[in-house]
Every structure is written in C-alpha cells, then in structure tokens.
Amino acid sequence: MIKTIITDFSYVLLYPKDRNYTDSLNGLYAKVNSDSPDFDFFSYFQLDLDVLEYYAILARNYSLHIFTSSVIQNDPQVQEYIAHVFQGIFSAEELGIKKNDPAGYTYLTQILHQDPSEIAFIDDSERNVTAAQEAGLWGVQFESLEKLKNDLEKLCALAEKTP
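The numbers in the sequence shown follow this note's numbering, run straight up by one, and end at 168.
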C-alpha cells in the first residue's frame, strides 16, 4: 500500500518561462540569482498550478514530499505556493546523494522511516525513476498531468494487490 508520494520539482512542477530553454532549471536559477539576487522569480519560471492542485488533493490521503537535485525550490517566492502541500523537501545536493543512484532512494526511505514498497516516486527523468525502482520504490515517469493521474491510479491499485 502506498503511503507516501515523492515528486521531482523541475520539469514536473516548475518550468522555464522560456519554453525553448531545456537545460537545468537550477543552473538558470543560480545564474539569474547571482546576477540579481532580488530578481522576480516568476519572470523566469512558471509553476504548473494544475499539477500543484492535483498534489494538494493527493496530500489529503498521502504524505507528499519533493526530492530534487538542488535548491531552486527554497526560493521564498516558490515556498509560498508549495509549503502547505508538501510535508518535506529533500535536496540531493544538500544530502550529498545522487538522484540517479538507488542508494539515494534507500537513504530517503530511512529518513522517512518507511518501507520502499510504501513509496511512489515521480520524476520526468527515466534514469531517476529506474534508480528509485531499483531501490524498491514504485516509479512513475512524468510526461503530463493526465498521464500522471492515470499512471498513479494504476500504480496504487497494483500496490494494493502486491503483498
């Protein structure tokens, strides 16, 4: 039975305002922040409010957490949107782990005091989803909100049937 959902942040909940930009959002954030520390976050980035709303609904029945590569989610302009939805935010950089390494997910299960089979992980990167699955978590590769809803519903039903 799935009790906890962990999601990536960049390219699941957060996108660049310039849709032609396809590199690291944390890299863009670091550059813009170093050029102008008081910059308007939402001049460069856009939250997917539909996905955020879906997560707020899921938070009624599941413990929700973010697991991301770096620190973009810590920006105060973002926190006012996400703090009430997620119980915890984990940064691979701050924890000294890698998102593409199964050991990182094992470490998260220890922090959360949960069996890996009780956790679903959502990420846009197939490599990260595979690493989570290798650690025993359920994995969903994010492509769109509709696909996420469908995949998560199927995954939760399957997890219910799995001893």
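Beta carbons are placed, not taken as given, at the ideal position from N, Cα and C, and that holds for glycine.
| Item | Value |
| --- | --- |
| For a quick check, are the C-beta atoms of Leu113 and Ala125 less than 8 Å apart? | no |
| Inspect the CB distances between the segment 70 to 82 and the segment 24 to 32 and report whether three or more fall short of 8 Å. | yes |
| Measure the alpha-carbon distance for Glu148 versus Pro42 and round it to whole angstroms. | 32 Å |
| Counting only the same chain and skipping the five closest in sequence on each side, list residues whose C-beta sits under 7 Å from that of Lys36. | none |
| Is the segment 42 to 60 touching the segment 92 to 104, taking contact as three or more C-beta pairs under 8 Å? | no |
| Find out if the Cβ-Cβ distance for the pair Ile127, Thr12 is shorter than 8 Å. | yes |
| In terms of DSSP beta bridges, what is Ile10 paired with? | Leu69, Ala125 |
| So, with DSSP's three-state summary, where would you put Phe47? | helix |
| Under a three-way DSSP split, which group does Tyr16 fall into? | coil |
| Confirm, please, whether the CB-CB distance from Tyr26 to Gln51 is below 8 Å. | no |
| Using C-beta distances below 7 Å, list every residue in its chain close to Gln92, excluding the 5 sequence neighbours before and after it, in chain order. | Ser68, Leu69, His70 |
| Compare the C-alpha of Lys103 against each of Asn133, Asp120, His118 and name the closest. | Asn133 |
| Need the endpoints of the beta strand (DSSP E) that Ser96 sits in, please. | 93 to 96 |
| So, with DSSP's three-state summary, where would you put Leu142? | coil |
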